[in-house]
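Note that the protein sequences, when read in sequence, are chains A and B.
To convert, take the position in the first sequence, counting from 1, and add 34; that gives the numbering used here.
To convert, take the position in the second sequence, counting from 1, and add 10; that gives the numbering used here.
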Amino acid sequence: MIYRVIGRILEALGVLLLVSFFVFSIATLIPGDLSLQLTGVDGATEENIMRVRAELGLDRPFIEQYLSWIWNATQGNFGNSPLTNRAILGDVNAALPVSLQLALFGLIGATIVGAPIGVFAAVRSSSRLGQLIRTNLIVLLSVPSFVVGALLVFFSSRYFPQTYRSLFIRISDNLMENLKVMFLPSLALSLTLAGVVAQVTRNALIQELNQPYVLTARAYGFSSRKVVFTYALRGAVVQILTVGALLFGSIVGGTVITERVFALPGIGNLMVTAIGNRDFNLAIVAILYVTVVYLILNTFIDLAAEKIDPRIRNMKS
Amino acid sequence: MSKDLLVELIDIEKVFLARKNFMNKVKPQKALSNIDLQIYPGETLGIVGETGSGKSTLGKIILGLERPTSGRLFIQGKEVLTSRTRSKIGSEYGFQMVFQDPAGSLNPQLRIEQVLAEALGTVESSPGSSRMVRLQQSLEEVELSKEFLNRYSGQMSGGQQQRVANARALLTKPRLLVLDEAVSALDAVTQSHLLRLLKKLQKKHNLTYIFISHDLEAVAEMSDRTVVMYQGRIVEQGESSTIYHRPKHPYTRGLKASIPIRDPRLAKTQRSLMRRDLLTNEEVPQHACPFVDRCPISDEAKCITATPQLTCVPEYSNHKVACHYYRDFDERFNQIGKG
Numbered sequence: 035m036i037y038r039v040i041g042r043i044l045e046a047l048g049v050l051l052l053v054s055f056f057v058f059s060i061a062t063l064i065p066g067d068l069s070l071q072l073t074g075v076d077g078a079t080e081e082n083i084m085r086v087r088a089e090l091g092l093d094r095p096f097i098e099q100y101l102s103w104i105w106n107a108t109q110g111n112f113g114n115s116p117l118t119n120r121a122i123l124g125d126v127n128a129a130l131p132v133s134l135q136l137a138l139f140g141l142i143g144a145t146i147v148g149a150p151i152g153v154f155a156a157v158r159s160s161s162r163l164g165q166l167i168r169t170n171l172i173v174l175l176s177v178p179s180f181v182v183g184a185l186l187v188f189f190s191s192r193y194f195p196q197t198y199r200s201l202f203i204r205i206s207d208n209l210m211e212n213l214k215v216m217f218l219p220s221l222a223l224s225l226t227l228a229g230v231v232a233q234v235t236r237n238a239l240i241q242e243l244n245q246p247y248v249l250t251a252r253a254y255g256f257s258s259r260k261v262v263f264t265y266a267l268r269g270a271v272v273q274i275l276t277v278g279a280l281l282f283g284s285i286v287g288g289t290v291i292t293e294r295v296f297a298l299p300g301i302g303n304l305m306v307t308a309i310g311n312r313d314f315n316l317a318i319v320a321i322l323y324v325t326v327v328y329l330i331l332n333t334f335i336d337l338a339a340e341k342i343d344p345r346i347r348n349m350k351s
Numbered sequence: 011m012s013k014d015l016l017v018e019l020i021d022i023e024k025v026f027l028a029r030k031n032f033m034n035k036v037k038p039q040k041a042l043s044n045i046d047l048q049i050y051p052g053e054t055l056g057i058v059g060e061t062g063s064g065k066s067t068l069g070k071i072i073l074g075l076e077r078p079t080s081g082r083l084f085i086q087g088k089e090v091l092t093s094r095t096r097s098k099i100g101s102e103y104g105f106q107m108v109f110q111d112p113a114g115s116l117n118p119q120l121r122i123e124q125v126l127a128e129a130l131g132t133v134e135s136s137p138g139s140s141r142m143v144r145l146q147q148s149l150e151e152v153e154l155s156k157e158f159l160n161r162y163s164g165q166m167s168g169g170q171q172q173r174v175a176n177a178r179a180l181l182t183k184p185r186l187l188v189l190d191e192a193v194s195a196l197d198a199v200t201q202s203h204l205l206r207l208l209k210k211l212q213k214k215h216n217l218t219y220i221f222i223s224h225d226l227e228a229v230a231e232m233s234d235r236t237v238v239m240y241q242g243r244i245v246e247q248g249e250s251s252t253i254y255h256r257p258k259h260p261y262t263r264g265l266k267a268s269i270p271i272r273d274p275r276l277a278k279t280q281r282s283l284m285r286r287d288l289l290t291n292e293e294v295p296q297h298a299c300p301f302v303d304r305c306p307i308s309d310e311a312k313c314i315t316a317t318p319q320l321t322c323v324p325e326y327s328n329h330k331v332a333c334h335y336y337r338d339f340d341e342r343f344n345q346i347g348k349g
């Protein structure tokens with residue numbers, strides 16, 4: 035066990051190193067850097083730009099820049115953003131919880147809506163209604179979140195102004211107000227993800243329901259509720275969890291659209307803004323944070339899957 | 011319907027519809043047609059046939075796990091297929107089945123102890139300590155040590171899984187047990203041991219067995235009566251010894267001829283009685299004999315235009331065969347062989 039934990043941590047460090055290297059290379063390859071942003075259009079003389087580049091160390095060779103960044107990073111020093119002059123870690127630390135909260139609420143909402151639909155569609159897969167759900171899921175899956183988000187913003191601000199909050203309030207400042215702010219974005223995200231959750235639940239459950247042991251259970255006269263919920267769903271849950279975790283990871287890094295529509299200061303927003311400004315020091319740290327979230331989730335799911343499903347445990351041993 | 015019968019099937023037909031999408035139904039697949047069958051209490055009925063001949067479907071219909079498309083099903087003289095019947099008739103009448111795929115038929119999420127306990131729980135509720143003893147005994151009966159109670163099905167070999175599946179079925183003391191290829195994954199010693207055990211239990215509790223296999227020899231050895239199925243139809247039925255030693259239908263003859271001869275000197279003389287050159291199966295017309303394309307004695311006149319009905323063979327009691335030319339088999343076979 036202890037070896038596995040150490041192995042996992044080493045693996046994670048390796049992944050982080052690789053990711054940082056790739057992001058750093060891409061940042062260097064992309065034309066343009068911070069110097070233009072800092073000097074401004076009026077002050078953008080050749081001389082000024084050279085001076086700023088020298089100050090930021092952007093004129094040094096790539097490898098040298100990267101190694102010095104790594105050296106600083108190992109000491110926990112990620113520096114300040116030259117653009118805002120705020121500590122990078124502070125900005126990212128403030129943005130991550132917003133995205134985590136959004137992802138969590140969105141996924142919970144999606145599960146509440148999507149999982150029962152998926153179970154129903156699987157149990158009644160051959161009926162007309164089951165087929166109808168399946169066809170509609172595809173439509174639901176293909177509606178982009180900004181459409182749902184924009185519609186929600188429109189309807190709530192027009193017809194239910196009391197539910198709509200345009201100003202973000204941190205969870206640490208006021209829980210109730212924060213929940214009110216997060217309600218609409220979470221709903222928008224839930225609706226777009228519900229289709230995915232329903233689809234995954236349906237497919238995983240149908241696969242389990244076709245297993246011979248389900249037929250055997252019916253032959254022994256177990257109630258169909260028991261067969262579906264304690265037999266088949268238990269077998270399907272690992273698949274559903276795995277997709278859920280991947281979804282969670284992709285939401286944390288990829289909710290920029292929802293965050294933009296609802297003006298939330300999340301990490302997706304931060305990342306896109308930083309890249310737009312060529313503020314790569316900030317972008318790298320944001321990306322590494324999202325990577326860490328992915329790694330933690332992956333580890334968690336691996337361990338959980340082994341705990342839940344003896345089939346996976348047997349495969350390993 | 012006669013009360014002496016345990017189960018009676020009358021003109022059972024099963025059509026599978028593979029529905030591809032919301033609007034249209036495509037390609038009905040006939041799994042069973044015109045099945046008339048009587049099962050007497052205490053007997054062993056063998057069903058033999060190749061893959062896809064409908065023998066497993068027939069077993070599932072008797073247990074109520076599949077609903078026939080048409081036909082009537084009587085259990086102890088009572089019609090059970092009414093419009094509101096749910097799928098549980100089998101367990102209500104104490105019918106049980108050992109499924110073809112032993113690995114798949116055990117829930118991989120549960121320990122063997124739970125698997126067996128749940129099955130036992132469907133027939134009786136006993137306190138924990140005596141239940142544990144029962145579970146251990148049931149494993150001992152199939153020659154597994156009690157350590158297996160703590161295992162998951164994924165931690166056992168195929169033969170062990172099949173023994174557990176048999177133990178589970180016997181645990182519920184079923185009145186009728188459908189054994190669908192139930193011993194075919196076992197080694198010869200365990201196989202014969204389990205068959206002997208099944209026969210012993212049958213005598214003791216007056217159980218009824220339906221023994222489904224692709225192996226004519228095993229079926230004939232195990233069962234009192236044998237039913238031979240081909241393409242969802244019964245082509246021959248009768249006493250097992252008659253079916254085995256004096257098969258009438260060309261398909262049964264073919265099955266017998268394909269049993270491996272163990273003496274290597276005699277094995278050279280073995281030849282197949284089946285052919286597959288006339289038609290591919292999809293092209294067999296609806297009203298033709300289902301065996302027409304592989305039959306060594308079929309002709310274009312009668313066999314392709316009329317499905318032969320099961321008719322009694324006068325020489326033997328209770329022997330039926332569905333072939334236009336079964337009387338003239340040798341003559342026709344030699345003729346065609348020469349021509």
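Using N, Cα and C, we set each Cβ at its ideal position, and we do this for glycine too.
Bear in mind the structure is a predicted one, so any value in this text is a computation, not a measurement.
{"Check": "Option nearest residue 338/A by Cα separation, candidates 276/A, 280/A, 327/A, 297/A", "Outcome": "276/A"}
{"Check": "Sequence ranges, alpha helix (DSSP H) only - wholly within the stretch 177-231 of chain B, length at least 4", "Outcome": "198-215"}
{"Check": "Sufficient close CB pairs (3 or more, under 8 Å) joining the stretch 319-335 of chain A to the stretch 119-128 of chain A", "Outcome": "yes"}
{"Check": "Through-space distance from residue 263/A to residue 249/B, alpha-carbon basis", "Outcome": "46 Å"}
{"Check": "Entirely enclosed alpha helix (DSSP H) segments - the stretch 235-261 of chain A, minimum 4 residues", "Outcome": "246-253"}
{"Check": "Continuous alpha helix (DSSP H) assignments of at least 4 residues falling wholly in the stretch 80-139 of chain A", "Outcome": "80-90, 96-108"}
{"Check": "Integer-rounded CB distance, given that residue 141/A should sit under 8 Å from residue 249/A", "Outcome": "With a Cβ gap of about 33 Å, residue 249/A and residue 141/A do not count as contacting."}
{"Check": "Under 7 Å (Cβ pairs) to chain A, residues found in the stretch 159-179 of chain B", "Outcome": "162, 164, 165"}
{"Check": "Where the alpha helix (DSSP H) containing residue 264/B begins and where it ends", "Outcome": "260-267"}
{"Check": "Cutoff 8 Å: residue 11/B Cβ touching any chain A Cβ", "Outcome": "Annotation note: pLDDT 48 at residue 11/B (below 50); position unreliable, no value reported."}
{"Check": "Three-state secondary structure assigned by DSSP to residue 210/A", "Outcome": "helix"}
{"Check": "Neighbourhood of residue 44/A by C-beta, 7 Å cutoff - its chain only, sequence neighbours within 5 removed", "Outcome": "none"}
{"Check": "Inter-residue Cα distance where the pair is residue 126/B and residue 269/B", "Outcome": "36 Å"}
{"Check": "Close-in-space but distant-in-sequence residues of the same chain around residue 78/B (CB under 8 Å, 5 per side omitted)", "Outcome": "22, 23, 24, 42, 71, 91"}
{"Check": "Beta-carbon separation (whole angstroms), residue 266/B vs residue 323/B, contact threshold 8 Å", "Outcome": "Contact flag wrong, Cβ pair sits at about 16 Å."}
{"Check": "Collapsed DSSP secondary structure at residue 289/B in the structure displayed", "Outcome": "Residue confidence is low: residue 289/B scores 48 on pLDDT, short of 50, so the model does not pin down where it sits. Its coordinate-derived value is still stated next. In the structure shown, residue 289/B sits in coil (DSSP, three-state: anything other than H, G, I, E or B)."}
{"Check": "Where residue 102/B sits in the DSSP three-state scheme", "Outcome": "helix"}
{"Check": "Nearest neighbour of residue 199/A, chosen from 48/A, 295/A, 145/A [CA to CA]", "Outcome": "295/A"}
{"Check": "Three-state secondary structure (DSSP) of residue 127/B", "Outcome": "helix"}
{"Check": "Residue from 61/A, 139/A, 39/A with nearest C-alpha to residue 285/A", "Outcome": "139/A"}
{"Check": "Proximal residues of chain A, C-beta to C-beta of residue 132/B below 9 Å", "Outcome": "254, 255, 256"}
{"Check": "Classification of residue 139/B by the beta-carbon crowding that lies within 10 angstroms, buried from 16 upward", "Outcome": "exposed"}
{"Check": "Backbone secondary structure at residue 303/A - three-state DSSP", "Outcome": "helix"}
{"Check": "DSSP three-state assignment for residue 173/B, whether helix, strand or coil", "Outcome": "helix"}
{"Check": "Within chain A, the residues that residue 136/B reaches when beta carbons sit closer than 8 Å", "Outcome": "Neighbours of residue 136/B on chain A: none; closest Cβ ~16 Å, over 8 Å."}
{"Check": "Presumed contact (8 Å Cβ cut-off) between residue 246/B and residue 330/B, rounded CB distance", "Outcome": "7 Å"}
{"Check": "Residue 210/A, buried or exposed, once every other Cβ within 10 Å from all chains shown has been counted against 16", "Outcome": "exposed"}
{"Check": "Where residue 28/A meets chain B, residues with beta-carbon distance less than 7 Å", "Outcome": "The question about residue 28/A has no answer, for chain A in this structure spans 35 to 351."}
{"Check": "Between the CA atoms of residue 153/B and residue 40/B - distance to the nearest angstrom", "Outcome": "40 Å"}
{"Check": "Chain B contacts made by the stretch 323-348 of chain A, where a contact means CB separation under 9 Å", "Outcome": "342, 343, 344, 345, 347, 348"}
{"Check": "Beta-ladder partner(s) of residue 88/B, from DSSP", "Outcome": "85/B"}
{"Check": "Interface flag, residue 100/B vs chain A, CB-CB below 8 Å", "Outcome": "yes"}
{"Check": "Contact set between residue 265/A and chain B, taken where Cβ atoms lie within less than 7 Å", "Outcome": "117"}
{"Check": "Closer than 8 Å to chain B by CB, residue 229/A", "Outcome": "no"}
{"Check": "Distance, residue 219/A Cα to residue 136/A Cα", "Outcome": "7 Å"}
{"Check": "C-alpha distance - residue 280/B paired with residue 306/B, whole-angstrom precision", "Outcome": "16 Å"}
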